[in-house]
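Following: one structure in structure tokens, then a few remarks.
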Amino acid sequence: MEARLALANDGLPSGVQLTKEDEEKRRRRRERNKIAASKCRNRKKERTVRLCEESEGLQRGNAELRREMQMLRLEVQHLTSLLRQHACVGTPPGATMNFYGPSAGCL
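Encoded structure:
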């Protein structure tokens, strides 16, 4: 159990002695690793925030485009209705142009 704790605490098997130089190298390496890990976590958080913001913006844009599409469909229906009404006024039977297929003739 003590050997495990010694190994877990400093990463070396118990009983291994390091020179001052090796200890300093190890300390610097651990410090660099700590800084690199912190930077990595920060970049990941920033990326997550950016992706969430981008997703929200795209969702808002999508909703706006859907509203616009619905308005345009209603406008097409309205204009088609007006065109059918107008095509039937004052034209001899059979003289209307069939712009919208077989169901577009005068009612």
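What the sequence shown shows, in UniProt numbering, is residues 1 to 107, in sequence order. Cβ atoms here follow ideal geometry from the backbone N, Cα and C, with glycine treated the same way.
Item, Value
"In this structure, how does DSSP classify residue 48 when only helix, strand and coil are distinguished?", "helix"
"For residue 55, which three-state DSSP category applies?", "helix"
"Apart from the five residues just before and just after residue 40, which ones in its own chain have a Cβ nearer than 8 Å to its Cβ?", "none"
"Roughly how many angstroms separate the alpha carbons of residue 53 and residue 24, rounded to a whole number?", "44 Å"
"What did DSSP end up calling residue 19 once you bin it into helix, strand or coil?", "coil"
"At the level of alpha carbons, what is the spacing between residue 70 and residue 79?", "14 Å"
"Taking buried to mean at least 16 other C-beta atoms within 10 Å of its own C-beta, is residue 20 buried or exposed?", "exposed"
"According to DSSP, is residue 89 part of a helix, a strand, or is it coil?", "coil"
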